[in-house]
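Below: one structure, written as structure tokens.
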Amino acid sequence: MATAAAHMQTPLSQLSPAVAQWVDSVRALTQPRAIHWCDGSDAEQRELTGQLLRDGELTALNPELFPGCHLARSNPSDVARVEHLTYICSRSKDDAGPNNNWMDPTQAHAKMRDLFRGCMRERTLYVVPYCMGPINSPLSRCGVEITDSPYVVLNMIIMTRVGRAALERIAADGGKFVRGLHSIGELDPERRFIMHFPEELSIESFGSGYGGNALLGKKCHALRIASYQARTEGWLAEHMLIVGLQNPKGETHYVACAFPSACGKTNLAMLIPPNSMPGWKVFTVGDDIAWLHPGADGRLWAINPESGYFGVVPGTNPETNKNAYDTIRRDTLFTNVALTADNQPWWEGLSTGKPVVDWQGRPYDPANGPAAHPNSRFTVSAKRNPAYSPHSEDAKGVPISAIVFGGRRREVAPLVYEARDWKHGVLVGASVASETTAAAVGQQGVVRRDPMAMLPFCGYNFADYWQHWLNVGAKLTQAPRIYHVNWFRRDAQNKFLWPGYGENLRVLKWMLDRCSGKAGAAETAIGRLPRPEDIDTQGLKVSADALKALLSVDPTAWKKEAADMRAYFEKYGARMPAQLLQELKGIEGRLA
Ligand code: OXD
Ligand code: MN
């Protein structure tokens, strides 16, 4: 019966005329030798994996210790996002803003057409229909990625909800979907562009197979295009994890945190409470992206548009992130890690095992640098996470009690502070600064402004985006409180002052206690800071001096910081929201 019913189902290619027409036009341009419509099934995953194994593009890992796990090695010139080759192609340059590279859409389409012409001649064209967010949620949005990379398809099947249901949703929506066209081309860095056309809800990506450049549901759709779409529809698409914190009384509050790439979002989303905080439980809703919608009740509700994690591997171990460590022991796709003699994946930060083959497949030689690439990644289903929240699938999302911004800064920013209100909180988010990491090509460890951790991901002018944040806040009668954290402060000897990881729960607890009026704070020029006695320090191994340093505001450093913020905002000229400049003036006044 089931088989007969399956035979009677409409073929995927006939479900949405809008998708079928687009696929036809791409077929004419790229000239593939075959077309494959993806249904996201286990059988399809097995088949694609088998094919990549036969072609030598995947290596099976030790089947006893890492069942169902594989390793992919990318081209050594294609290991991270390429921000300098990523463009927002809005009709007006000012709409893209000083925060984006811009190209005229007509010129960009012409350039990309030349690259895509005939590029799939010896290849199969895969049509990947996907839904970002729970399939039955009104907050979710759909897209279709066309790609010539089976590795990309495998990743998309893990990271998004791929298949028939997405196409049915697109058809029911009258054919509205985000169009993402991708080809790995020749993986030539000279012929590599990641173009976004927010006004057309479309993406064109050529010449890279790396996650953020190639899995178009993730950064390209769920952040750059969705941030634009969210502005027109009255919501926010953010580079945030979503975590549920259950206190010993059994009450759960959800917190959304925006930190730049490779600054610990996955670790915080999967945090394990320290032994000295019995009764606390932590549940992961998402580790990278949150779509935030004002609800009819005046609260802010969040869904995670993704269904998997594309996480940074190095540093993952049972002490730093036991949940991630356990998650990636089966059915995981590793990219650019090293191998041990018995074919286990290996990376820097593991205290066991020894690398014998490096991420490029060469015999390991420390003279060549790290064994695993610093931006090596795991792709794995979110459902494998022992802390996976069952509310991740809730169609209405989860209500957010607090929003946290943060950066990686060895100095200036204290461990935590609270914004006075939403408007001040938007300024706090807009002035986030952080040291650059290996997640993007370029120099590492340089402090740059990374507002709301969205510098590489906002699909339009930041000034308009901050105004949109202010507008969304004005609609909320029960707005989340807004915080800033910095887990990365160092002392004069360059040692971290704060232990981080599980201990970060103490800081989150202070925030939740603030939300319920239970915790104290001291007013400072930059916002409200806990006094040392406001933080639960039972069982914490941090000296009183270190805690004092972590919870202090240096007026000289902050005057410099405020001047730097002002100089940064000046780049946005007349579009800069007056309310934010007013907030900044308030801080300058209090520091004077
Ligand atoms: C990511 C990133 O891959 O932010 O999540 O680069
Ligand atoms: Mn990210």
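With positions in the sequence shown counted from 1, the corresponding number in my numbering is that position plus 490. Heads up, the beta-carbon is just placed ideally off N, CA and C, and yes, glycines get one too.
(message) Assuming the contact rule is C-beta atoms closer than 8 Å, R640 and Q535 should be a hit. Round their C-beta distance to whole Å, please.
(response) Checking the sequence shown, residue 640 turns out to be Pro, not Arg. Between Q535 and P640 the Cβ distance is about 10 Å, and since that is not below 8 Å, they are no contact.
(request) Measure the alpha-carbon distance for V997 versus S1006 and round it to whole angstroms. (result) Pairing V997 with S1006, the inter-Cα distance amounts to about 15 Å.
(message) Please report the straight-line C-alpha distance between L987 and R523, rounded to a whole angstrom.
(response) Taking the straight line from one Cα to the other gives about 58 Å.
(request) In angstroms with no decimal places, state the Cα-to-Cα distance between T926 and Q933. (result) For T926 and Q933, the distance between alpha carbons rounds to 7 Å.
(request) Could you tell me which of T842, Y1058, P876, W849 sits nearest to G587, measuring between CA atoms? (result) Closest option to G587, Cα to Cα, is Y1058.
(request) Return helix, strand or coil for L1074, following the three-state DSSP convention. (result) Helix.
(message) Between A862 and the ligand OXD, is there a pair consisting of the residue's CB and a ligand heavy atom that are separated by less than 7 Å?
(response) It does not: the Cβ of A862 is nowhere closer than 7 Å to a heavy atom of the ligand OXD.
(request) Apply the 10 Å Cβ neighbour rule to P557 and answer buried if 16 or more other Cβ atoms are within range, or exposed otherwise. (result) Exposed, since its Cβ has fewer than 16 Cβ neighbours within 10 Å.
(message) Going residue by residue through the stretch 915-997, where are the continuous alpha helix (DSSP H) segments of at least 4 residues, counting only ones entirely within it?
(response) Fully enclosed alpha helix (DSSP H) runs of 4 or longer: 952-965.
(message) Suppose only complete runs of 3+ residues qualify. What are the beta strand (DSSP E) ranges in the stretch 760-836, listed by chain order?
(response) Complete beta strand (DSSP E) runs here, min 3: 771-776, 780-784, 790-793, 798-802, 823-825.
(request) Taking only the alpha-carbon atoms, compute the straight-line gap between L543 and N833 and give it to the nearest angstrom. (result) Rounded to whole angstroms, L543 to N833 spans 15 Å at the Cα level.
(request) Name, in chain order, the residues that DSSP records as bridge partners for Y577. (result) According to DSSP, which records beta bridges pairwise, Y577 is partnered with N591, M685.
(request) Return helix, strand or coil for G734, following the three-state DSSP convention. (result) Correct three-state label for G734: strand.
(request) Taking only the alpha-carbon atoms, compute the straight-line gap between P763 and C621 and give it to the nearest angstrom. (result) Cα to Cα, the separation comes out at about 33 Å.
(request) Locate the beta strand (DSSP E) running through S692, then write down its first and last residues. (result) Element bounds for S692: 692-696.
(request) Determine the closest residue to V916 out of M1066, D848, Q983, with distance taken between C-alpha atoms. (result) For the options M1066, D848, Q983, the alpha carbon positioned closest to that of V916 is the one of M1066.
(request) Examine the ligand MN and report whether any of its heavy atoms sits within less than 7 Å of the Cβ of S751. (result) Under cutoff, so the answer is yes.
(message) Suppose you measure from the CA of N811 to the CA of K1008; what does that come to, to the nearest Å?
(response) The straight-line gap from Cα to Cα measures roughly 30 Å.
(request) Give the DSSP-derived three-state secondary structure of I715 in the structure shown. (result) Three-state result, I715: helix.
(request) Compute every distance between the C-beta of D940 and the non-hydrogen atoms of the ligand MN, then say whether any falls below 7 Å. (result) Every heavy atom of the ligand MN is 7 Å or more from the Cβ of D940, so no.
(request) Check whether the Cβ of H526 sits closer than 7 Å to any heavy atom of the ligand MN, and report yes or no. (result) Not under cutoff, so the answer is no.
(message) Buried or exposed for M498, going by 16 or more other Cβ atoms inside 10 Å?
(response) Flag for M498 reads exposed.
(request) Go to L548, then tell me how far its alpha helix (DSSP H) extends in each direction, as first and last residue. (result) Here L548 belongs to no alpha helix (DSSP H); instead the beta strand (DSSP E) covers 548-550.
(message) Any heavy atom of the ligand MN inside 7 Å of the beta-carbon of H729?
(response) Yes, the Cβ of H729 comes within 7 Å of a heavy atom of the ligand MN.
(request) May I ask which residues mark the beginning and end of the beta strand (DSSP E) holding T614? (result) Counting along the chain, the beta strand (DSSP E) containing T614 begins and ends at 614-622.
(request) Within the same chain, show all residues whose beta-carbon is closer than 7 Å to that of K755, passing over the 5 residues directly before and after it, in chain order. (result) For K755, same chain residues with a beta-carbon under 7 Å away, outside a window of 5 residues either side, are L731, C747, F749, D777, D778 in chain order.
(message) Under 7 Å: does the beta carbon of D778 sit that close to some heavy atom of the ligand MN?
(response) Flag set: Cβ of D778 near the ligand MN.
(message) Rounded to whole angstroms, what is the Cα-Cα separation between L1081 and V1043?
(response) Those two C-alpha atoms are separated by around 10 Å.
(request) Have a look at C632 and S580 and give me their C-alpha separation to the nearest angstrom. (result) Distance between the alpha carbons of C632 and S580: 21 Å.
(request) Out of T549, E680, C528, state which residue places its alpha-carbon closest to the alpha-carbon of L823. (result) Among T549, E680, C528, the Cα nearest to that of L823 is on T549.
(message) Within a Cβ cutoff of 7 Å, which residues of the same chain sit near P904, ignoring the five residues on either side of it in sequence?
(response) Annotation for P904: N976, L1019, L1040, L1041, S1042, V1043 place their beta carbon closer than 7 Å to its own, counting only its chain and skipping 5 residues before and after.
(message) Output needed for A494: all residues of its chain with C-beta closer than 6 Å, excluding positions within five of it in sequence on either side, in chain order.
(response) Interpretation of A494 is limited by its pLDDT of 49, a score under 50 that renders its predicted location unreliable; no figure is taken from the coordinates.
(request) Look up H863 in the DSSP assignment and say whether it is helix, strand or coil. (result) In the three-state DSSP reduction, H863 falls in the coil class, being neither helix nor strand.
(request) Please report the residue range of the alpha helix (DSSP H) in which S891 lies. (result) Unbroken run through S891 is the beta strand (DSSP E), 888-896; no alpha helix (DSSP H).
(message) Please report the distance separating the alpha-carbon of P507 from that of N794.
(response) P507 and N794: Cα-Cα distance of roughly 29 Å.
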